[in-house]
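Notes to accompany the following structure.
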Amino acid sequence: MAPLIAVLLLIGLTVVVIGALAIPMNFFRWVATVREERDRLEADLLEARKEIRSLKEELMRQSGD
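Heads up, the sequence shown is in this note's numbering, so the first residue is -4 and it goes up one at a time.
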């Protein structure tokens, strides 16, 4: 009976350890995804600002004519 209990405890402990390791892995994967999205949005924002600046310059040129 004791070996059966020992095996079940070992299996249970293994499952707990694997689960505990999986949580941080998913967290770091989520953080990487959020950073990629932030970088993409930041690049889109910079491009939009450049477009706005060029449109303002063109509008100023047209109003100066």
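All C-beta atoms in this analysis are idealised placements derived from N, C-alpha and C, irrespective of residue type, glycine included.
Roughly how many whole angstroms lie between the Cα atoms of residue i and residue j?
i, j, result
"Leu50", "Arg35", "23 angstroms"
"Lys45", "Glu37", "13 angstroms"
"Ala43", "Arg33", "15 angstroms"
"Leu16", "Glu52", "55 angstroms"
"Val2", "Val12", "15 angstroms"
"Leu5", "Phe23", "28 angstroms"
From which residue to which residue does the alpha helix (DSSP H) around residue i run?
i, result
"Asp34", "-3 to 59"
Between residue i and chain C, is the shortest Cβ-Cβ distance under 8 angstroms, so that the two count as touching?
i, result
"Gly59", "Any reference to chain C falls outside this structure, which holds one protein chain only."
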